[in-house]
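S.K.: One structure follows; several queries about it will come next.
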Amino acid sequence: MILGIDLTNIKKGGGLSHISELLKVAQPQRYGFEQVIVWGNAETLALLPNFDWLKTAIFPQTQQPFEAFFQRMFFFPNIARKHCDLLFSLGGSFFSTKMAYVSMSQNMLVFEKKERDRFRFHFNWFRYLFLSALQTLSFQQAKGIIFISEYAKHYIGQRLRKDFSDFPVIYHGVADRFSQKPKVINPKATIRLLYISTISLYKHQWNVVEAVAKLREDGFLVNLDLIGDFYPPAWQKLKRSLAKFPASKDFVRVHGAVNFEKIATYYQQADIFVFASTCENMPNILVEAMRAGLPIASSDYGPMPEILGDAAFYFDPLDVNSIYESLKMMLTSPEKCFEKAEKAFVNSQQYSWQRCADETFTFLQKMAKV
Numbered sequence: 001m002i003l004g005i006d007l008t009n010i011k012k013g014g015g016l017s018h019i020s021e022l023l024k025v026a027q028p029q030r031y032g033f034e035q036v037i038v039w040g041n042a043e044t045l046a047l048l049p050n051f052d053w054l055k056t057a058i059f060p061q062t063q064q065p066f067e068a069f070f071q072r073m074f075f076f077p078n079i080a081r082k083h084c085d086l087l088f089s090l091g092g093s094f095f096s097t098k099m100a101y102v103s104m105s106q107n108m109l110v111f112e113k114k115e116r117d118r119f120r121f122h123f124n125w126f127r128y129l130f131l132s133a134l135q136t137l138s139f140q141q142a143k144g145i146i147f148i149s150e151y152a153k154h155y156i157g158q159r160l161r162k163d164f165s166d167f168p169v170i171y172h173g174v175a176d177r178f179s180q181k182p183k184v185i186n187p188k189a190t191i192r193l194l195y196i197s198t199i200s201l202y203k204h205q206w207n208v209v210e211a212v213a214k215l216r217e218d219g220f221l222v223n224l225d226l227i228g229d230f231y232p233p234a235w236q237k238l239k240r241s242l243a244k245f246p247a248s249k250d251f252v253r254v255h256g257a258v259n260f261e262k263i264a265t266y267y268q269q270a271d272i273f274v275f276a277s278t279c280e281n282m283p284n285i286l287v288e289a290m291r292a293g294l295p296i297a298s299s300d301y302g303p304m305p306e307i308l309g310d311a312a313f314y315f316d317p318l319d320v321n322s323i324y325e326s327l328k329m330m331l332t333s334p335e336k337c338f339e340k341a342e343k344a345f346v347n348s349q350q351y352s353w354q355r356c357a358d359e360t361f362t363f364l365q366k367m368a369k370v
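Straight run, no breaks: the sequence shown in the working numbering ends on number 370.
Right, here's the structure in full:
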C-alpha cells in the first residue's frame, strides 16, 4: 500500500512540528505501507527527514486565496488518488468522494463560536467561518478522523451531532531536548515567569501582564518573558496594557517569535510557566513545559485540565485577579510548586512521538483495510 500525506495547507506551527517529529520515528512498513508520499510546498518539504520509503512531491500553489482553494479542492484530489491508496490530511480541510482519506482535527477556533467571535469582522473571523464549513464537510466525508484531545472529540461530536466513538484520540509527543528535572523555586530570588504562545485575541497576555504588575506592587520580585509571533489587533491590546504600567519595561520582556530549536533554552531559564489561553485543541506548549520540569499556572478552559490533571495551579484567564491569586499561591508555596512540577514531569513521559507514530499508523492501517 502507498500512504499519501497532505501538507498542502500547512506551512508552519504545530502541524508542521507534528508531522516532522512523527516521520522521524515512523516505521510505515510495519503497517503495510511500502511508501509514503508527502505533498506540500518546497519550504515545508525541505524540513522533513530523509528515508528511502519517504517521497516528497511539490504541489505548487498560487498566493491568491481563492485560486489556491480551487487548486486544493479540485486538482489535488485527482493527483492524490492516482498515486496513493489512502490519504492522511493533517489540515482537516481535504474532502473527496472519490478516494479514501483520514482527516485530522487540530484547530478549535474553527468550531468554537465564542472564541472565533473574538476576531469578529477581522479577516481571520471570515477565514475561520470558511474553514468551519470546509472542515465540517471534510469530517463528514472522511473514512476516519484522528483527534488530539478528548475535549475536541467530545466538543466537535456534539457540534456536528456525529458519533465519533470509533475514532481515536492520539496525543502529540514532546521532544527529549525539553527534558530537565523539576525545579525548586527560590522565593528570595527574582522569579522568571515564562509564557510561550502566539500573541492573539484568545491568549490573553495582557491579563497576565496586569496580574504580574499587581504582584510587583505587592512586593513580589517577578519578571515576565513573552515569546511568540503576534496578531496585530492582539498586539495593540498588549501594548495598551503595557502602557498602563510604565514600570513594565523593567519586568516584561516581549521577545517576539523565537526559532523552535532555541525554545528549550527559555524553558531552562524560567522558574514558572504561565498559560492563559481560552481555546486549544491539544496545547503542545503545556506538554513541553511539563517535560521541562516547570511549575505551571494554567487556564482552566478547554483541554488544559485533561492534559495537566492535578499537576497545575488553575485560573480563569479572563479574570486578572484569578491569575494574580494563582501566581501568588505559587510564589508563597515553593514546596507545593515543586510537588506539582514533579507530578507534571512524570505525567509528561506518556507524551511520546514514538507512541504517537505507532498509534497513528495503526489507525491508518485499519482505515486502509476497511
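Backbone N, C-alpha and C fix where the C-beta goes; we use that ideal spot for every residue, glycine too.
1. Can you grab the Cα-Cα spacing for the pair Val212 / Arg355, in whole Å?
2. Based on Cα-Cα distance, which residue from Ser348, Glu150, Pro283 lies nearest to Ile196?
3. Give the list of continuous alpha helix (DSSP H) stretches no shorter than 4 residues that lie fully inside the region 286-325.
4. Once the 5 residues before and after Cys157 are set aside, which same chain residues still bring their CB inside 6 Å of it?
5. Smallest Cα separation from Leu54: which of Ser348, Phe75, Phe260, Gln29?
6. Here's the rule: buried if 16 or more other CB atoms are within 10 angstroms of the residue's CB, otherwise exposed. What is Pro182?
7. What does a CB cutoff of less than 6 Å around Thr198 pick up in its chain, not counting 5 residues either side in sequence?
8. Ordered along the chain, which non-local residues of its own chain (more than five positions away) have a Cβ less than 8 Å from that of Leu432?
9. Count the other CB atoms, across all protein chains shown, that sit within 10 Å of the CB of Asn78; report buried if there are 16 or more and exposed otherwise.
10. So what does DSSP say about Gly92, is it helix, strand or coil?
11. Would Gly256 pass as an interface residue toward chain B - the criterion being a Cβ-Cβ separation below 7 Å?
12. In terms of residue numbering, what span does the beta strand (DSSP E) encompassing Thr263 cover?
13. Taking only three categories from DSSP, how would you classify Ala57?
14. Cα-Cα, which of Lys203, Met108, Arg192, Trp235 is closest to Phe425?
15. Counting only the same chain and skipping the five closest in sequence on each side, list residues whose C-beta sits under 7 Å from that of Leu7.
16. For the putative contact between Leu194 and Phe273, defined by C-beta atoms under 8 Å, what is the C-beta separation to the nearest angstrom?
17. Give the straight-line distance between the Cα atoms of Ala100 and Cys84, rounded to the nearest whole angstrom.
18. Three or more C-beta pairs closer than 8 Å, one from the region 166-177 and one from the region 312-329: is that the case here?
19. With DSSP run on the structure shown, which of helix, strand or coil describes Tyr171?
20. Pick helix, strand or coil for Asp358, following the three-state DSSP scheme.
21. Within 10 Å of its beta-carbon, does Arg291 have 16 or more other beta-carbons around it, so buried, or fewer, so exposed?
22. Who pairs with Ile5 in a beta bridge, going by DSSP?
23. Pair every Cβ in the region 288-308 with every Cβ in the region 345-352, then say whether three or more of these pairs are closer than 8 Å.
24. Thinking Ser241 and Glu217 are a contact (beta carbons under 8 Å), I'd like their distance in whole angstroms, please.
25. Taking the alpha carbon of Tyr171 as the reference point, which residue from Phe147, Tyr155, Leu160, Pro187 has its own alpha carbon closest?
26. Can you list, in chain order, the residues of its chain with a C-beta nearer than 6 Å to that of Ile145? Leave out the 5 residues immediately preceding and following it.
27. Short check: CB of Met362 to CB of Pro317, under 7 Å?
28. Give me the Cα-Cα distance between Thr136 and Lys143, rounded to the nearest whole angstrom.
M.R.: Taking the structure as given:
1. Their backbone Cα atoms lie some 38 Å apart in a straight line.
2. Comparing alpha carbon positions, the residue from Ser348, Glu150, Pro283 closest to Ile196 is Pro283.
3. 304-308
4. Correcting the residue type first, residue 157 is Gly in the shown sequence and not Cys. Counting only Cβ-Cβ distances below 6 Å, and skipping sequence neighbours, we find Phe164.
5. Gln29
6. buried
7. Gly228, Asp229
8. The structure shown does not extend to residue 432, since the chain spans only 1 to 370, so no value can be given for it.
9. Burial call: exposed.
10. coil
11. Here there is only one protein chain, and chain B is not present.
12. The sequence shown places Ile at residue 263, not Thr. Here Ile263 belongs to no beta strand (DSSP E); instead the alpha helix (DSSP H) covers 263-269.
13. strand
14. In the structure displayed, the chain extends from 1 to 370; residue 425 sits before or after that span and is not available.
15. Ile19, Val38, Trp39, Gly40, Thr44, Leu90
16. 5 Å
17. 9 Å
18. With a cut-off of 8 Å, the region 312-329 and the region 166-177 do not count as touching, because too few Cβ pairs lie within range.
19. coil
20. helix
21. buried
22. Residue pairing by DSSP places Ile5 opposite Val38, Phe88 in a beta bridge.
23. yes
24. Between Glu217 and Ser241 the Cβ distance is about 15 Å, and since that is not below 8 Å, they are no contact.
25. Selected option, being the one with the closest Cα: Phe147.
26. Ser103, Phe139, Phe167
27. The question names Met, yet the displayed sequence has Thr at residue 362. No, the Cβ-Cβ distance between Thr362 and Pro317 is not below 7 Å.
28. 13 Å
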